[in-house]
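Asks: The structure is given below, and queries will be raised subsequently.
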Amino acid sequence: MDNAQVLSHVLRLLDDVLSLNGRAQTFTRDTALLGALPELDSMAVVSLITAMEEQLGIVVD
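Residue numbers for the sequence shown follow my numbering, so the first one is 64 and each next one is one higher.
Next comes the structure, spelled out in structure tokens:
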């Protein structure tokens, strides 16, 4: 995957995990997330990391 594909995939994950109803597709690399999105609480962060590990084949320690 190139950088654009990874960004697109992560934005889809954000949209799905946080139930943003398409709002994440307007985000850029510079969009503030933590503290700016009420949906992104501590449990959502864990869910997002888990989804990224599963779908992108990465491990976050």
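Beta carbons are placed, not taken as given, at the ideal position from N, Cα and C, and that holds for glycine.
1. With H, G and I counted as helix, E and B as strand and the rest as coil, what does DSSP make of Leu103?
2. Under 8 Å, do Leu111 and His72 count as touching if we go by C-beta distance?
3. Between which two residues does the alpha helix (DSSP H) harbouring Asp79 extend?
4. Determine the burial state of Met115: buried for a count of at least 16 other Cβ atoms within 10 Å of its Cβ, exposed for fewer.
5. Buried or exposed: where does Ala99 fall if 16 or more other Cβ atoms within 10 Å of its Cβ makes it buried?
Replies: Here's the rundown:
1. By 1-based counting over the sequence shown, the position of residue 103 is 40. Three-state result, Leu103: coil.
2. Against the sequence shown, residue 111 aligns to sequence position 48. Against the sequence shown, residue 72 aligns to sequence position 9. Taking 8 Å as the Cβ cut-off, Leu111 and His72 do not qualify as a contacting pair.
3. As a first step, residue 79 must be located in the sequence shown, where it is residue number 16. Element bounds for Asp79: Asn66 to Leu81.
4. In the sequence shown, the residue the question calls residue 115 occupies position 52. Burial call: buried.
5. One-based indexing of the sequence shown puts residue 99 at position 36. Looking at its Cβ environment, which holds fewer than 16 other Cβ atoms inside 10 Å, Ala99 is exposed.
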